[in-house]
Each structure stands twice: as structure tokens, then as C-alpha cells.
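Worksheet: one structure, shown below.
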Amino acid sequence: RRNGWPLVVAIGGDGTVHGVANGLLADGHTDVALGHVPAGNGNDYAKILGFGRRPLTTNLRAVLTGPTCRFDVGRV
Numbered sequence: 002r003r004n005g006w007p008l009v010v011a012i013g014g015d016g017t018v019h020g021v022a023n024g025l026l027a028d029g030h031t032d033v034a035l036g037h038v039p040a041g042n043g044n045d046y047a048k049i050l051g052f053g054r055r056p057l058t059t060n061l062r063a064v065l066t067g068p069t070c071r072f073d074v075g076r077v
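In my numbering, the protein residues as written are 2 to 77.
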């Protein structure tokens, strides 16, 4: 749990985060904390959030203990 919300951690690249987020939303799980540990090739989403090339354990620790932020989602 993270800030009282169930926590789901996606370890992978942009496609992994996209797939996990879409799966959660498709199943109606909107009250969830989604953590991202970048482990892909491009990791553009992680770059936007300020994650640099850091060891996996450092990024995982940040997901578990670092600051959180809210994102709006939409369907096109």
C-alpha cells in the first residue's frame, strides 16, 4: 500500500507501464497507486518523471518510499 492506496508496480519500459495502466483501468481499478521502475529501452515516461539511469534497486526504493503524484487519465 502507498498513501493508503493499493500499490501496483510495473517494472519495464513504456509499453509495460501503458499495458498495466490500461489493464487496471479496463478492470475498473481507478483507486490504485501505480509505481514504475524503468527497465526498458527508451523509458520516455520515466524521463518525464525525472528518473535517470539509476540502479533498479534505487528506482524500486523510490517507488516504495519517495514522493507520489496524481495523474489524470482519459480515453481517446
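The beta-carbon is built from N, C-alpha and C at its ideal position, and this holds for glycine as well.
From this set, 27, 40, 45 and 75, which residue's C-alpha is nearest residue 59's C-alpha?
Counting from 1 along the sequence shown, the entry for residue 59 is found at position 58. For residue 59, the nearest C-alpha among the options comes from 40.
From residue 51 to residue 57, what does the alpha carbon distance come to, in whole angstroms?
Start at 1 with the first residue of the sequence shown, and residue 51 comes out as number 50. Start at 1 with the first residue of the sequence shown, and residue 57 comes out as number 56. Cα atoms of residue 51 and residue 57: separation of roughly 15 Å, rounded to the nearest angstrom.
Using alpha carbons as the reference points, say which of 22, 4 and 5 lies closest to residue 11.
For the purposes of this step, residue 11 is taken as residue 10 along the sequence shown, with counting starting at 1. Checking every option, the nearest Cα to that of residue 11 belongs to 22.
Between residue 15 and residue 46, which are expected to be in contact by the criterion C-beta below 8 Å, what is the C-beta distance as a whole number of angstroms?
Counting from one through the sequence shown, the residue named residue 15 turns up at place 14. Counting from one through the sequence shown, the residue named residue 46 turns up at place 45. Right, the Cβ-Cβ distance comes to about 5 Å (below 8 Å), so this counts as a contact.
7 Å Cβ shell around residue 42 - same chain, five flanking residues per side excluded
Residue 42 sits at position 41 when you count from the first residue of the sequence shown. Closer than 7 Å at Cβ, skipping near neighbours: 14.
In this structure, how does DSSP classify residue 57 when only helix, strand and coil are distinguished?
Numbered from 1 along the sequence shown, position 56 holds the residue referred to as residue 57. For residue 57, the secondary structure class from DSSP, reduced to helix, strand or coil, is helix.
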